[in-house]
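Under mature numbering (1 follows the signal peptide of the UniProt record, and there is no 0), the residues of the sequence shown are numbered -26 to -1, 1 to 57, in order. Idealized CB from N, CA, C, for every residue including glycine.
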Amino acid sequence: MLRVTALAAAAGLALTAIVATSPAEAAYHLIRWEGTGVCQVWDQSIPTKPIPSNYKTVSKPVPTFAAALAVKDGMLKKGTCQL
């Protein structure tokens, strides 16, 4: 039992090290729903696409949620996005 616990702990540490050393990638962008014009921040790390599929990507990828909100705020002020 002690070997299994030690193996699990080592695997957890190895996984943490791999995640910590991987490069940061842009993870968010804005999508605009057709028909309503509502813009939404979308997390690219989600393995599925938004449903329904009547949307258009309206921003470049940004690294943080806060940066995506800033982009959305600018688009709201320009009138590109609703809500």
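Using only CA atoms, which one of the options lies nearest to residue i?
i           : options                   : result
residue 113 : SER19, ILE5, LEU57, SER33 : Outside the displayed range of the chain (-26 to 57) lies residue 113, so it cannot be described from this structure.
ASP17       : GLY9, ALA41, GLY53, GLY11 : ALA41
ALA44       : ASN28, CYS13, SER19       : CYS13
Verify whether the separation of the beta carbon atoms of residue i and residue j is less than 8 angstroms.
i     : j     : result
VAL15 : LYS52 : no
PRO37 : ALA1  : yes
LYS34 : HIS3  : yes
GLY9  : ASN28 : yes
May I ask you to list the residues that DSSP assigns as paired with residue i?
i     : result
GLN56 : VAL12
LYS30 : ARG6
VAL36 : TYR2
ASP17 : TYR2
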